[in-house]
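As structure tokens, the structure follows; a few thoughts come after it.
Shown next as structure tokens:
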């Protein structure tokens, strides 16, 4: 039996061999990276590395001077050296001042130990030449190339930023920033700390005061690049990196050393790729020796590890390894030694990053495609990877697909045939005993999958019914979900935020759910909603401030629902932009594409004027769910405002797939109504009512269309049926009130009064359901005017403005009413001025609002302010001839009042 050497001697021998091999490599990585790659031997390697670093053979200054040398000793040609900021196998990088141009640069110098080696000099010059030729916003700019006292150098722009490996180290220690803004704050803080070090070095070296730099605090957190969540911000950073590498590939250059330490992130959100020391053009011979390993081991491709010919797919692998680490904070391939790392790269598959629950499945598929062992299975170039990353950020399908279980098994067999064969032999022995257990497990799994699919279908149906304004049908679907899953977040949110049919029951259920799940984000947020709807606003705001921002896809979806305009909860913290952002994050963070998430995102995007985004989300829905009647109905709804022919085609496709799709009938009917095709709209409503006789939306639309046709009796009939089916349907009551008001017999004053009072009752009831509904308030002030009830009319204007302090038009209507009183008091005029000012604060570009403000200022005796407001109004005057004429008439009247 061979005697085993003591572990200490083995480790010492291994450390010495590693150090000598590293020392002799002209392209060696810097000492920090070398030590990080061999943490298990750091205590043995560090003294050797420090001795080498401090020796004359590898000096800190090009001329051998020390850090505290005199000014003359710190000069290097036209540059004054300030401090060392980086060190690698093929050069030392200094922060340096160039007094003649009053700027600071990053000066890379070939150390004295290599300045006499022709091969090292040639490689250094190739690096400078390659970096200078590949010009891109995200690639470091080369400013000058030269030789000083036979020492080659080149000057680059000095990047104000943080190397990504240092940023990763900080994040590993402190935890993930919660958002892009928090990441910006961290980067800014690190840059400022580096700036202080530079200033200290400047003071020691007496660098010229003209060579200054500026910091970016205050701009980083407001920069558009930092507005998204943490993961989304990192993907945007990766897009910039890929764009830079794709540009290099287009110019025939493979970088060969992409890793976090070669990426510098600026506080403004831009990233710069540096260090082309290993880069070379396609087809040119490598300048490393045969069999010599080049690159940092954790990020090299399998073909790079074995010294094979490299092309763009090798950079794609390194990009994937870098992206994987940035997004997960874990390296995809690791080991205690360089050999173990390279073996992992050659043989092991990385852990699926989506298993953490934080990386969306599409993004995980992109990373795993980059890290394929076979170059032919990766993206062909960084350009193709860039296209998929952009598709991911724009909610479009990506080309990357995750390998199936059988594919993964086949690859394992090919890579490790002996071990796998033994494993398969062992498995065959126990296969029979496992069969019955697996069958039972599969049956149980099948039942669970079926249950999950049923829940998802019921949720989709519930939200579709909500869009079709079938509130009770939607509620039935939500109740079915709660039978299968008593604490389903989406069902609770749908019932309370969108339907609001039985508040007391839903309040009680939410309270029980919160008691059973006190840490659940949804039930915490719904508790805020309940407090708000109970008019306990201060308590609601205090509780809301304590709840963390949503992180998971499900939490983001819930937050989106609660912020959606039109939801009962939107008054707490709802805006279209906020809701859209939450839905977008829900889409990105989902482990799979969920129609429900895309559906709600599409509804928000459809309300914008961004035609490109609208078409993108519509196209994505069609690609992901080509045979879904619901998806096509949502596509129609999404395109409704910008492309009515395409919307019609989508609705018709939906009915072709399923001729009972109520949402498609609703879309087509509303499309016809918007084009004043009243008979077509009524025909579609009648067809839909045969499928769903209790659909209040179609009854309400019939009421509206008959009113527009002048058939008021039929309009009232359909309106009353709609209200009978859904007593709390606000829009149905408003439509009925309008029909009643127009259906009156003007020859019978008593009948007129009775009908108007009935209409007024419907509108009053509407404001108890939804006190923010502006059409109801407008109807009330109009009917009270017709009824001659001036105290009630005034009270309604006041109530309308009070319940809607954030509504510009509500404030304007109050101001206008007060100004038009026959004999307004001083208090009336003062209140009119305050309301007019508030309306202009809320909506700053409306000429109509400015005219009301000018009238209020004139009525209060402030002619100077009134004239200034009129001047602003003229800058926003309407463009079409008819409205322009009315505007000029109003301006003339105000000016006449001012001249009296």
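Residue numbers (this note's numbering): 159 to 1058.
Idealized CB from N, CA, C, for every residue including glycine.
Q.
Please identify the residue among 942, 932 and 780 whose C-alpha is closest to the C-alpha of residue 961.
A. Taking the first residue of the chain shown as position 1, residue 961 is located at position 803. Nearest option by C-alpha distance: 932.
Q) What's the C-alpha gap between residue 669 and residue 633? A) The residue given as residue 669 occupies position 511 in the chain shown. The residue given as residue 633 occupies position 475 in the chain shown. Taking the Cα positions, residue 669 is about 19 Å away from residue 633.
Q. Are the segment 751-765 and the segment 396-416 touching, with three or more C-beta to C-beta distances below 8 Å?
A. No: the two stretches stay apart, fewer than three of their Cβ pairs being nearer than 8 Å.
Q: Can you check DSSP and say which residues form a bridge with residue 423?
A: Counted from its first residue, the chain shown places residue 423 at position 265. DSSP lists 320 and 429 as the bridge partner or partners of residue 423.
Q | C-beta contact flag for residue 831 and residue 822 at 8 Å | A | Counted from its first residue, the chain shown places residue 831 at position 673. Counted from its first residue, the chain shown places residue 822 at position 664. Result no, Cβ atoms of residue 831 and residue 822 do not sit closer than 8 Å.
Q | Rounded straight-line distance, which links the Cα of residue 793 to that of residue 780 | A | The sequence position of residue 780 within the chain shown is 622, counting from 1. The sequence position of residue 793 within the chain shown is 635, counting from 1. If you take the alpha carbons of residue 780 and residue 793, they lie about 8 Å apart.
Q: Mind reading off the beta-carbon distance from residue 749 to residue 714? Whole number of angstroms is fine, and I expect it under 8 Å.
A: Reading the chain shown from its first residue, position 591 is the one you call residue 749. Reading the chain shown from its first residue, position 556 is the one you call residue 714. Actually they do not touch by this definition, with Cβ atoms about 13 Å apart.
Q: Express the C-alpha separation of residue 952 and residue 906 in angstroms, rounding to a whole number.
A: If you number the chain shown from 1, residue 906 lands on position 748. If you number the chain shown from 1, residue 952 lands on position 794. Distance between the alpha carbons of residue 906 and residue 952 is about 27 Å.
Q. If you draw a straight line from the alpha carbon of residue 703 to that of residue 684, how long is it in whole angstroms?
A. For the purposes of this step, residue 703 is taken as residue 545 along the chain shown, with counting starting at 1. For the purposes of this step, residue 684 is taken as residue 526 along the chain shown, with counting starting at 1. Each residue's alpha carbon lies about 14 Å from the other.
Q: Just mark residue 1008 as buried or exposed, buried being the case when its beta carbon has 16 or more other beta carbons within 10 Å.
A: Residue mapping note: residue 1008 aligns to position 850 of the chain shown, counting from 1. Counting Cβ neighbours within 10 Å, residue 1008 comes out buried, since at least 16 surround it.
**Q.** Residues near residue 718 in its chain [Cβ-Cβ closer than 7 Å; skip 5 each side]
**A.** Residue 718 sits at position 560 when you count from the first residue of the chain shown. Counting only Cβ-Cβ distances below 7 Å, and skipping sequence neighbours, we find 737, 740, 741, 744 and 758.
(Q) Just to confirm the assignment: which complete alpha helix (DSSP H) runs, minimum length 4, are found wholly within the segment 772-805? (A) DSSP runs (the alpha helix (DSSP H)) wholly in the segment 772-805: 787-797.
Q: Going by CA-CA distance only, name the one from 812, 1049 and 427 that's closest to residue 1030.
A: To locate residue 1030, count along the chain shown from 1; it is residue 872. Answer by Cα proximity: 1049.
Q) At which residues does the beta strand (DSSP E) containing residue 253 begin and terminate? A) In the chain shown, residue 253 corresponds to position 95, counting from 1. Per DSSP, the unbroken beta strand (DSSP E) holding residue 253 starts and ends at 249-256.
Q) Roughly how many whole angstroms lie between the Cα atoms of residue 876 and residue 858? A) On the chain shown, position 718 is the one that residue 876 refers to. On the chain shown, position 700 is the one that residue 858 refers to. C-alpha separation (whole angstroms): 7 Å.
Q: Please indicate yes or no: does the CB of residue 721 lie closer than 7 Å to some heavy atom of the ligand SAM?
A: The ligand content of the structure shown is nil, which means the ligand SAM is not present either.
**Q.** Whole-angstrom distance between residue 277 and residue 177, CA atom to CA atom
**A.** By 1-based counting over the chain shown, the position of residue 177 is 19. By 1-based counting over the chain shown, the position of residue 277 is 119. Those two C-alpha atoms are separated by around 21 Å.
Q.
Helix, strand or coil, according to DSSP, for residue 842 in the structure here?
A. As a first step, residue 842 is located in the chain shown; it is residue number 684 there, counting from the start. In the three-state reduction of the DSSP assignment, residue 842 falls in the helix class.
Q. Could you give the residue range of the beta strand (DSSP E) that holds residue 305?
A. If you number the chain shown from 1, residue 305 lands on position 147. Unbroken beta strand (DSSP E) run through residue 305: 300-306.
(Q) Can you list, in chain order, the residues of its chain with a C-beta nearer than 7 Å to that of residue 939? Leave out the 5 residues immediately preceding and following it. (A) The count along the chain shown starts at 1 and reaches residue 939 at position 781. Only 951, 954 and 955 meet the Cβ criterion.
Q. In terms of residue numbering, what span does the alpha helix (DSSP H) encompassing residue 291 cover?
A. Counting from 1 along the chain shown, the entry for residue 291 is found at position 133. 276-291 is the extent of the alpha helix (DSSP H) around residue 291.
Q: Would you mind reading off the limits of the alpha helix (DSSP H) that contains residue 460?
A: As a position in the chain shown, residue 460 is number 302, starting the count at 1. Here the alpha helix (DSSP H) through residue 460 covers 460-463.
Q.
Checking 8 Å against the spacing of the C-beta atoms, do residue 994 and residue 1055 come in under that value?
A. The residue labelled residue 994 in the question sits at position 836 within the chain shown. The residue labelled residue 1055 in the question sits at position 897 within the chain shown. No, these two residues do not count as a Cβ contact at 8 Å.
Q: Rank 500, 293, 517 and 384 by C-alpha distance to the C-alpha of residue 403 and give the top, closest one.
A: The count along the chain shown starts at 1 and reaches residue 403 at position 245. Nearest of 500, 293, 517 and 384 to residue 403, Cα basis: 293.
Q | Exposure label - residue 705; buried when at least 16 CB within 10 Å | A | Within the chain shown, the letter at position 547 stands for residue 705. Exposed: under 16 other Cβ atoms inside 10 Å.
Q) Taking the C-alpha atoms as reference points, what is the distance between residue 860 and residue 888? A) Counting from one through the chain shown, the residue named residue 860 turns up at place 702. Counting from one through the chain shown, the residue named residue 888 turns up at place 730. Taking the straight line joining both Cα atoms gives about 16 Å.
Q: Could you tell me the boundaries of the beta strand (DSSP E) in which residue 313 lies?
A: Taking the chain shown and counting its residues from 1, one reaches residue 313 at position 155. Run containing residue 313: 309-315, per the beta strand (DSSP E) assignment.
Q.
In this structure, how does DSSP classify residue 1051 when only helix, strand and coil are distinguished?
A. In the chain shown, the residue the question calls residue 1051 occupies position 893. In the structure shown, residue 1051 sits in a helix (DSSP, three-state: H, G or I).
Q: Let me know the secondary structure DSSP gives residue 645 once reduced to three states.
A: Here the question's residue 645 lines up with position 487 in the chain shown. Coil, per DSSP.
Q) With residue 153 and residue 485 assumed to form a contact (beta carbons below 8 Å), what rounded beta-carbon distance in angstroms separates them? A) Outside the shown range of the chain, which is 159 to 1058, sits residue 153, and nothing can be said about it.
Q. Just curious, the alpha helix (DSSP H) that residue 829 is in, first and last residue?
A. The residue you call residue 829 lines up with position 671 of the chain shown. Note, residue 829: alpha helix (DSSP H), 820-832.
Q.
Closer than 8 Å is the cut-off here; do at least three beta carbon pairs connect the segment 881-900 with the segment 837-856?
A. yes
Q.
To test your reading of the DSSP string, which unbroken alpha helix (DSSP H) runs of 4 or more residues are found completely within the segment 686-725?
A. 695-704 and 711-721
Q) By Cβ distance below 6 Å, which residues in the same chain neighbour residue 800 in space, the five residues on each side in sequence not counted? A) By 1-based counting over the chain shown, the position of residue 800 is 642. Cβ within range, chain order: 769 and 772.
(Q) Tell me the rounded alpha-carbon separation between residue 203 and residue 494. (A) Residue numbering aside, residue 203 sits at position 45 when the chain shown is read from its first letter. Residue numbering aside, residue 494 sits at position 336 when the chain shown is read from its first letter. If I take the Cα positions, the gap works out to 14 Å.
Q: Please look up how many angstroms separate the CB atoms of residue 503 and residue 460, rounded, as I've assumed it's under 8 Å.
A: Residue numbering aside, residue 503 sits at position 345 when the chain shown is read from its first letter. Residue numbering aside, residue 460 sits at position 302 when the chain shown is read from its first letter. Their Cβ separation, rounded to whole angstroms, is 6 Å, which keeps residue 503 and residue 460 in contact under 8 Å.
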